[in-house]
Amino acid sequence: MGGIKTSIARKVAMALSGLFLVLFLLQHFTINFTSVVSPDTFNEISHFMGTNFLVQAILQPILIFGVIFHFVMGFILEAKNRSARSVKYGVFKGNANSSWLSRNMLISGAVVLAFLGLHFYDFWVHEMQVKYLEGDLSGLNQAGEFRYYEETVAKFAGQPIRVGLYVLAFVFLMMHLLHGFASSFQTMGVNNKYSPAIKKFTKAFAIVIPLGFVFIAIFHFINN
Amino acid sequence: MKLNLKVWRQENKDAKGKFENYTIDEIHGDMSFLEMMDVLNNELVEKGIEPVEFDHDCREGICGMCSMQINGEPHGPDRRITTCQLHMRKFKNGDTITIEPFRANAFPVVKDLTVDRSAFDRIQQAGGYISVNTSGNTQDANSLPIEKESADMAFNAATCIGCGACVAACKNASAMLFTSAKVSQYALLPQGKVEATERVLNMVDQMDKEGFGNCTNTGACEIECPKGISLENIARLNREYLAASLKG
């Protein structure tokens, strides 16, 4: 990150990493949604993603780098922005000219980051332990069936606190995307006749995808 | 009308400032905000108190000098105006009005409400010009056909008066709207394209050196800009900067 020194270069790097994470989010949602419509499909895709060399050895490290880069750069930019006004206003009427969401990306981002800690603990740490510490790449449970669906459902069924935390996190993710997604296009220089359509699409994406994740969590909570 | 004023008083750049409370009477709704400040200063002088120092010049919304943060917004609650164009009819009898200088480390307070905005001058000097030989053989600008849309956008960008409201309104004290307007007014015209690469690189470099924050696209600058400079200019600045960086 030391090589990205100018304000615009840092912002563009932030926007690109954000868009990369948006793509990941779409892929993650698509796979998760199969758990609602077809447990078998969910099991098969999960096994493929969990054991494919390309996904595990190349895409996963890139994803982890993208996540770390995005939040570290976010904190760097926030620190720089705060230091640009060391004497604060007695009265600052931010609501008069900008949305709360746009001014508080740090708050929404920090909540999503905290959620990622919980999410990694829930799923990723367990997967790493089974596959790489215990060396079990079969993806099967003791009954000889795929374990992914039942393990996922077990995290939500009869777990109101976890479901509540997930729902809360996705509300904050929605808030983060509502500003961040469209904002990344502006940062990359896209502000033209297509911008109204981009804004509408990003608003729809920012609402539909997090609500979709909420639906999946609540579905498994209620249905099992 | 009778008003309660909370005015920032600061002896000099290094002194610790504080709010002072003043009560002012017989303010007419047709007065401009600066005329109200004049009335206040007359009263302070009569009482033997040092008047409040504030910047002003043209008093018709052109010079961009009257920098004041009024009730939490640069140039006060109205839109597309400078402080000198703000009328007291925007306030009600008995209101408390908080008046502060524009806040940014790149805009150090000189005294009271006056800030040093020479950071903008240095950004402009870093590349906000075209190198034209003025020896008498200068080509007539009208001999170069320019499409109307580009000419209009360049003109709109050129209406930036460098008042600093964009920096004052931005939660990050970012100068991207100002810099983007000054880059755009040349980037859109054939005369400006010759030095486009070094212009945008040098102006952004100077903007960063002055200690302004980063743009986070809140859009506050566009709303508070007295000339309505559009965020499209910031997107253009980003495009120009990325293209120039790739060229080196």
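Chains L and R, in that order, are what the protein sequence lines are. Using the working numbering, the first residue of the first sequence is number 36, and each one after it goes up by one. Using the working numbering, the first residue of the second sequence is number 78, and each one after it goes up by one. A virtual CB, placed ideally from N, CA and C, is assigned to each residue, including glycine.
message = Quick check on residue 90 of chain L: buried or exposed, where buried means 16 or more other Cβ atoms within 10 Å of its Cβ?
response = Under this definition residue 90 of chain L is an exposed residue.
message = Pop quiz: residue 298 of chain R and residue 238 of chain R are said to be a contact at Cβ under 8 Å. What is the actual Cβ separation, rounded to whole angstroms?
response = Rounded to the nearest angstrom, the Cβ distance from residue 298 of chain R to residue 238 of chain R is 14 Å, too far for a contact under 8 Å.
message = For a contact defined as C-beta to C-beta under 9 Å, what are the partners of residue 290 of chain R on chain L?
response = Simply 42, 112, 115, 116, 117, 118, 119, 120.
message = Between which residues of its own chain and residue 37 of chain L is the CB-CB distance below 8 Å, once the five residues before and five after are set aside?
response = No answer about residue 37 of chain L holds up, because its pLDDT of 48 lies below 50 and its placement is not dependable.
query = Is it the case that the Cβ atoms of residue 192 of chain R and residue 129 of chain R are separated by a distance below 8 Å?
reply = Not closer than 8 Å, so no.
message = When you compare the region 114-124 of chain L with the region 212-221 of chain L, are there three or more beta-carbon pairs, one atom per stretch, that lie closer than 8 Å?
response = These segments do not touch.
ask   = If you compare alpha carbons, which of R:261, R:185, R:151 is closest to residue 247 of chain R?
value = Selection R:261, R:185, R:151 evaluated against residue 247 of chain R yields R:151 as nearest (Cα-Cα).
query = Any chance the region 200-216 of chain L sits against the region 133-151 of chain L, with 3 or more Cβ pairs inside 8 Å?
reply = Between the region 200-216 of chain L and the region 133-151 of chain L there are three or more C-beta pairs closer than 8 Å, enough to call the two in contact.
task = Could you name the residues of the region 212-245 of chain L whose beta carbon sits closer than 7 Å to any beta carbon of chain R, in the order they occur along the chain?
result = For the region 212-245 of chain L, the residues whose beta carbon sits under 7 Å from a beta carbon of chain R are, in order, 218, 221, 222, 223, 224, 225, 226.
Which residues DSSP lists as bridging residue 186 of chain R, in chain order = According to DSSP, residue 186 of chain R bridges with R:192.
task = Verify the CB distance criterion: does residue 133 of chain L have a CB-CB separation below 8 Å to chain R?
result = Judged by the 8 Å Cβ criterion, residue 133 of chain L is in contact with chain R.
query = What whole-angstrom Cβ distance do residue 69 of chain R and residue 245 of chain R have, given they're in contact under 8 Å?
reply = Given a span of 78 to 325 for chain R in the structure shown, any question on residue 69 of chain R remains unanswerable.
ask   = Checking contacts by CB at 8 Å: is residue 137 of chain L closer than that to chain R?
value = Yes, residue 137 of chain L lies at the interface with chain R (some Cβ there is under 8 Å from its Cβ).
query = Just how far apart, CA to CA, sit residue 269 of chain R and residue 231 of chain R?
reply = Rounded to whole angstroms, the gap between the alpha carbons of residue 269 of chain R and residue 231 of chain R is 10 Å.
ask   = Does any residue of chain R bring its CB to less than 8 Å from the CB of residue 125 of chain L?
value = Yes, its Cβ sits closer than 8 Å to a Cβ of chain R.
query = In terms of residues, what are the limits of the alpha helix (DSSP H) holding residue 202 of chain L?
reply = Note, residue 202 of chain L: alpha helix (DSSP H), 195-222.
task = Pick out the complete alpha helix (DSSP H) segments inside the region 179-258 of chain R, 4 residues or longer, and give them in chain order.
result = Segments of the alpha helix (DSSP H) lying fully in the region 179-258 of chain R: 195-202, 225-235, 242-246.
query = Roughly how many angstroms separate the alpha carbons of residue 123 of chain L and residue 289 of chain R, rounded to a whole number?
reply = Whole-angstrom Cα-Cα distance: 14 Å.
ask   = Should residue 96 of chain R be flagged as near chain L, meaning a C-beta pair shorter than 8 Å?
value = Yes, contact with chain L.
ask   = Does residue 140 of chain L come within less than 8 Å of chain R when only Cβ atoms are used?
value = Cβ-Cβ to chain R under 8 Å: yes for residue 140 of chain L.
query = Can you list the residues of chain R that residue 128 of chain L reaches, using a CB-CB cut of under 8 Å?
reply = In chain order: 148, 149, 150.
task = Could you tell me the boundaries of the alpha helix (DSSP H) in which residue 169 of chain L lies?
result = Where residue 169 of chain L is concerned, there is no enclosing alpha helix (DSSP H), given that its DSSP letter is neither H nor E.
Same chain, Cβ closer than 8 Å to residue 171 of chain R, neighbours up to 5 away in sequence not counted = Correct list, in chain order: 78, 79, 80, 81.
request  = Could you tell me which residues DSSP puts in a beta bridge with residue 160 of chain R?
outcome  = Bridge partners of residue 160 of chain R according to DSSP: none are assigned.
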